[in-house]
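Student:
This is the structure in structure tokens:
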């Protein structure tokens with residue numbers, strides 16, 4: 004009986020050591036990351052893994068080493084029901100450590116998560132796959148959710164971007180693809196063309212023909228062409244321009260709550276994610292305010308280019 008008790012104590016001690024090693028692995032391996040010219044070291048029992056395409060429900064997911072990954076959406080968290088179970092890359096999930104599950108990023112990799120409700124930020128280590136619920140883009144450990152301040156609510160709007168912490172904890176983000184793409188695919192004159200037309204509309208409409216034009220007929224006169232919108236159905240809100248079609252489709256799906264979405268490929272290899280069409284710029288500006296309040300700060304009103 005004493006021998007059996009001693010064996011149980013040894014096994015318990017080994018389990019606690021493994022949990023501690025998993026918690027400390029963020030610091031121990033932060034200087035060896037994919038995309039930085041070095042080898043990523045997994046946690047205890049784990050492997051470095053990107054993985055093959057896989058299907059959950061009726062949707063396919065395509066794991067990829069997206070070095071400039073950045074996405075805005077809903078975060079959730081998981082805890083007791085998965086605690087001490089094996090993650091997708093063979094590590095042991097510890098709900099009290101700072102980790103996360105992502106659908107396509109390499110395992111392990113690191114992302115900076117910003118809670119858009121309170122501004123809190125946290126760098127977490129991705130070592131699992133998920134979540135597979137509509138509109139959710141990352142599943143955090145319980146401890147990570149506590150630090151970000153949404154463990155009681157269960158979910159929160161977040162911005163997630165891939166980062167590369169060095170051995171001292173300094174963060175090096177990859178250049179967001181959308182930042183470059185916004186200037187590249189759109190011809191310079193396009194965003195500025197509609198503005199004079201809309202700005203001048205009130206002036207032209209009030210400049211009624213002078214007498215002797217009959218007053219009753221004035222409201223029935225059509226506005227001059229310069230006072231009309233560029234063309235009904237051409238006013239859009241552009242949220243991003245991405246180089247990966249899967250990411251563009253995912254973003255478009257997340258944006259459907261704001262209106263009809265469009266993913267438009269360009270000749271330069273980008274995919275514009277747009278919302279619309281709107282009848283005029285004023286209608287688009289109202290929706291634009293809602294989109295920016297949801298965390299898409301780079302969104303803007305534009306005209307859809309004519310091909």
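Residue numbers (the numbering used here): 4 to 310. From the three backbone atoms N, C-alpha and C, an ideal C-beta is built for every residue, glycine too.
Who are the Cβ neighbours of residue 66 in its own chain at under 6 Å, not counting the five residues just before and after it?
Tutor: Numbered from its first residue, the chain shown carries residue 66 at position 63. Within the same chain, residue 66 has close Cβ partners 53, 54 and 107.
Student: Less than 6 Å between C-beta atoms, sequence neighbours within five positions excluded: which residues of the same chain meet that for residue 86?
Tutor: Stepping through the chain shown from its first residue, residue 86 is reached at position 83. Same-chain partners within the cutoff: 98.
Student: Once DSSP output is grouped into helix, strand and coil, what is the label at residue 264?
Tutor: For the purposes of this step, residue 264 is taken as residue 261 along the chain shown, with counting starting at 1. Note: residue 264 maps to strand in three-state DSSP.
Student: Provide the residue span of the beta strand (DSSP E) that contains residue 248, from first to last.
Tutor: Looking up residue 248 in the chain shown gives position 245. No beta strand (DSSP E) holds residue 248; the alpha helix (DSSP H) holding it covers 248 to 257.
Student: Which residue wins for smallest C-alpha separation from residue 294, given the options 252, 273 and 240?
Tutor: In the chain shown, the residue the question calls residue 294 occupies position 291. The shortest Cα separation from residue 294 among 252, 273 and 240 belongs to 240.
Student: Does residue 160 come out as helix, strand or coil in the three-state DSSP assignment?
Tutor: Translated into the one-based positions of the chain shown, residue 160 becomes position 157. In the structure shown, residue 160 sits in a strand (DSSP, three-state: E or B).
Student: Looking at residue 143: is its Cβ nearer than 9 Å to the Cβ of residue 112?
Tutor: One-based indexing of the chain shown puts residue 143 at position 140. One-based indexing of the chain shown puts residue 112 at position 109. The answer is no: Cβ separation not under 9 Å.
Student: Excluding sequence positions up to five away, which residues of its chain have a Cβ less than 6 Å from the Cβ of residue 50?
Tutor: By one-based count along the chain shown, residue 50 stands at place 47. These residues qualify, in order along the chain: 92 and 93.
Student: One question on the structure: do residue 90 and residue 104 come within less than 9 Å of each other, judged by their Cβ atoms?
Tutor: Taking the first residue of the chain shown as 1, we reach residue 90 at position 87. Taking the first residue of the chain shown as 1, we reach residue 104 at position 101. For residue 90 and residue 104, yes; Cβs fall inside 9 Å.
Student: If you measure between the beta carbons of residue 161 and residue 117, is that distance less than 9 Å?
Tutor: Numbered from its first residue, the chain shown carries residue 161 at position 158. Numbered from its first residue, the chain shown carries residue 117 at position 114. Result yes, Cβ atoms of residue 161 and residue 117 sit closer than 9 Å.
Student: Helix, strand or coil, according to DSSP, for residue 136 in the structure here?
Tutor: Residue mapping note: residue 136 aligns to position 133 of the chain shown, counting from 1. DSSP places residue 136 in coil when its eight states are reduced to three.
Student: Between residue 291 and the rest of its own chain, which residues show a CB-CB distance below 8 Å, the 5 nearest in sequence each way excluded?
Tutor: Taking the first residue of the chain shown as 1, we reach residue 291 at position 288. Taken in chain order, the residues that qualify are 240, 302, 303 and 304.
Student: Please confirm whether residue 80 and residue 147 have their CB atoms less than 9 Å apart.
Tutor: Here residue 80 is taken as the residue at index 77 of the chain shown, counted from 1. Here residue 147 is taken as the residue at index 144 of the chain shown, counted from 1. The answer is yes: Cβ separation under 9 Å.
Student: Mind checking whether residue 130 and residue 153 have CB atoms under 9 Å apart?
Tutor: Reading the chain shown from its first residue, position 127 is the one you call residue 130. Reading the chain shown from its first residue, position 150 is the one you call residue 153. No, Cβ-Cβ distance for residue 130 and residue 153 is not below 9 Å.
Student: Helix, strand or coil for residue 294, going by three-state DSSP, please let me know.
Tutor: As a working note, residue 294 is residue 291 in the chain shown. Residue 294 falls in the helix class under three-state DSSP.
Student: Nearest by alpha-carbon distance to residue 306: which of 296, 287 and 300 is it?
Tutor: Translated into the one-based positions of the chain shown, residue 306 becomes position 303. Nearest C-alpha to residue 306: 287.
Student: Mapping the DSSP letters down to three states, classify residue 192 as helix, strand or coil.
Tutor: As a first step, residue 192 must be located in the chain shown, where it is residue number 189. Note on residue 192: pLDDT 46, under 50, position unreliable in the model; no value is reported.
Student: Contact check, residue 165 vs residue 289 under 8 Å by CB: the rounded distance?
Tutor: Counting from one through the chain shown, the residue named residue 165 turns up at place 162. Counting from one through the chain shown, the residue named residue 289 turns up at place 286. No, residue 165 and residue 289 are not in contact; Cβ-Cβ is about 33 Å, not under 8 Å.
Student: Using the beta-carbon count (16 or more within 10 Å), is residue 268 buried or exposed?
Tutor: Residue mapping note: residue 268 aligns to position 265 of the chain shown, counting from 1. By the neighbour-count rule (16 or more Cβ atoms within 10 Å), residue 268 is not buried but exposed.
Student: Could you give the C-beta distance for residue 238 and residue 279, rounded to a whole number, given that I count them as a contact under 8 Å?
Tutor: The sequence position of residue 238 within the chain shown is 235, counting from 1. The sequence position of residue 279 within the chain shown is 276, counting from 1. Indeed they touch by this definition, with Cβ atoms about 6 Å apart.
Student: Please look up how many angstroms separate the CB atoms of residue 82 and residue 145, rounded, as I've assumed it's under 8 Å.
Tutor: Looking up residue 82 in the chain shown gives position 79. Looking up residue 145 in the chain shown gives position 142. Sure, about 4 Å apart at Cβ, within 8 Å.
Student: Residue 155 by DSSP, collapsed to three states: which one?
Tutor: Here residue 155 is taken as the residue at index 152 of the chain shown, counted from 1. Three-state DSSP puts residue 155 in coil, outside helix and strand.
Student: Indicate the three-state DSSP secondary structure (helix, strand or coil) for residue 284 in the structure shown.
Tutor: What you label residue 284 is simply residue 281 of the chain shown in a count that begins at 1. Helix, per DSSP.
Student: On the three-state DSSP scale, how would you describe residue 69?
Tutor: Here residue 69 refers to the residue found at position 66 of the chain shown. In the structure shown, residue 69 sits in coil (DSSP, three-state: anything other than H, G, I, E or B).
Student: For residue 239, write down the residues that DSSP places opposite it in a beta bridge.
Tutor: Translated into positions along the chain shown, residue 239 becomes position 236. For residue 239, which the question treats as bridged, DSSP gives the partners 305.
Student: Spatial neighbours of residue 88 within its chain, please: CB distance less than 6 Å, with the 5 preceding and 5 following residues excluded, ordered by chain position.
Tutor: Position 85 of the chain shown, counted from the start, is the residue given in the question as residue 88. Within the same chain, residue 88 has close Cβ partners 96.
Student: Might you give, ordered along the chain, the residues of its own chain that have their beta carbon closer than 6 Å to the beta carbon of residue 248, omitting 5 neighbours on each side?
Tutor: Counted from its first residue, the chain shown places residue 248 at position 245. 274.
Student: Which of the three DSSP states, helix, strand or coil, is assigned to residue 104?
Tutor: Locating residue 104 in the chain shown gives position 101, counting from the first residue. Note: residue 104 maps to strand in three-state DSSP.
Student: Quick one: Cα of residue 24 to Cα of residue 125, how far?
Tutor: Counting from one through the chain shown, the residue named residue 24 turns up at place 21. Counting from one through the chain shown, the residue named residue 125 turns up at place 122. In this prediction, residue 24 scores a pLDDT of 32, lower than 50, which makes its location untrustworthy; no coordinate-derived value is stated.
Student: For a test of the three-state rule: what should DSSP assign to residue 233, helix, strand or coil?
Tutor: The residue labelled residue 233 in the question sits at position 230 within the chain shown. Its pLDDT being 37, under 50, residue 233 is placed unreliably by the model, and the measurement read from it follows with that caveat. Three-state DSSP puts residue 233 in coil, outside helix and strand.
Student: Give me the Cα-Cα distance between residue 257 and residue 45, rounded to the nearest whole angstrom.
Tutor: Residue mapping note: residue 257 aligns to position 254 of the chain shown, counting from 1. Residue mapping note: residue 45 aligns to position 42 of the chain shown, counting from 1. Cα to Cα, residue 257 sits roughly 31 Å from residue 45.
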